[in-house]
Each structure stands twice: as structure tokens, then as C-alpha cells.
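Everything in the sequence shown is counted per the working numbering, starting at 1403 for the first residue and increasing by one.
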Amino acid sequence: MYTDVCFLFQTDDEIMKGMRFAFERMKLVVEAASGAGIAAAMSERLRQMDAALRHVGVILCGGNTDIDRLPCYLILIRQLYY
């Protein structure tokens, strides 16, 4: 079996979009590390890789999530009150 290693780096905005995707579509509150994994799985770079990469697993966690510091929550609060 041959394994190739590739790293996909995500920006803060992409990580927040991944977190928001999990919240809106999966009804899960996840921490930034999970948002990064989701963003990488949905990235254009991954789509451009080998077509055999159709099935990708992402481990999600949320144990370190502080509801008052969630990026999408802070954006919503700013829109409502500022």
C-alpha cells in the first residue's frame, strides 16, 4: 500500500466557514480544529487532486468550544447590535 502525505492549509475565514457549515447543515457546534478539517474537505485544492479521492473522513470535535467566542456567533451579535 502506498501512502502520500499532503497538507491543506486553511485561512481563518475558511475555518470559520467550515464551523458555520457544521452548525447550519449538521446542527453541530464544533471547535476551530474541526472547522479547518471541514474547510479542507470542501476546498478547491482537494477537488483538484486525484479523482479517486471521493471519500474523505473528517474527525469532528467540540470540547474546547466557548459559545461566547464562536466566530459565527460573534458575527451575528455584531450585525444585530452594532
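C-beta: ideal position from N, C-alpha, C; glycine also.
Please determine, among the options, the residue with the shortest C-alpha to C-alpha distance to residue i.
i, options, result
"Glu1416", "Asp1468, Val1460, Ala1441, Ile1477", "Ala1441"
"Ala1435", "Leu1448, Phe1411, Arg1480, Val1407", "Phe1411"
"Thr1413", "Gly1439, Asp1468, Gly1465, Ile1477", "Gly1439"
"Met1421", "Cys1408, Ala1443, Asp1406, Phe1409", "Ala1443"
"Tyr1455", "Gly1465, Arg1447, Arg1480", "What sits at residue 1455 in the sequence shown is Leu, not Tyr. Ranking the options by Cα distance to Leu1455, first place goes to Arg1447."
"Asn1466", "Lys1429, Met1428, Gly1437", "Gly1437"
For residue i, I'd like the list of residues in its chain whose CB is within less than 7 Å of its CB, leaving aside the five on either flank, ordered along the chain.
i, result
"Ala1453", "none"
I believe residue i touches residue j by the beta-carbon criterion, under 8 Å. Please report the beta-carbon distance rounded to the nearest angstrom.
i, j, result
"Val1431", "Phe1425", "6 Å"
Could you tell me the distance, in whole angstroms, from the CA atom of residue i to the CA atom of residue j?
i, j, result
"Tyr1483", "Val1407", "45 Å"
"Met1418", "Ile1477", "10 Å"
"Gly1459", "Arg1449", "14 Å"
Going along the chain, which residues of its own chain have a beta-carbon closer than 8 Å to the beta-carbon of residue i, five neighbours each way excluded?
i, result
"Ser1445", "Leu1410, Gln1412, Glu1416"
Excluding the 5 residues flanking residue i on each side, which residues of the same chain have their C-beta closer than 6 Å to its C-beta?
i, result
"Leu1462", "Val1432, Ser1436"
I'd like to know whether the C-beta of residue i is nearer than 8 Å to at least one C-beta of chain D.
i, result
"Phe1409", "The structure shown contains no chain D; it is built from a single protein chain."
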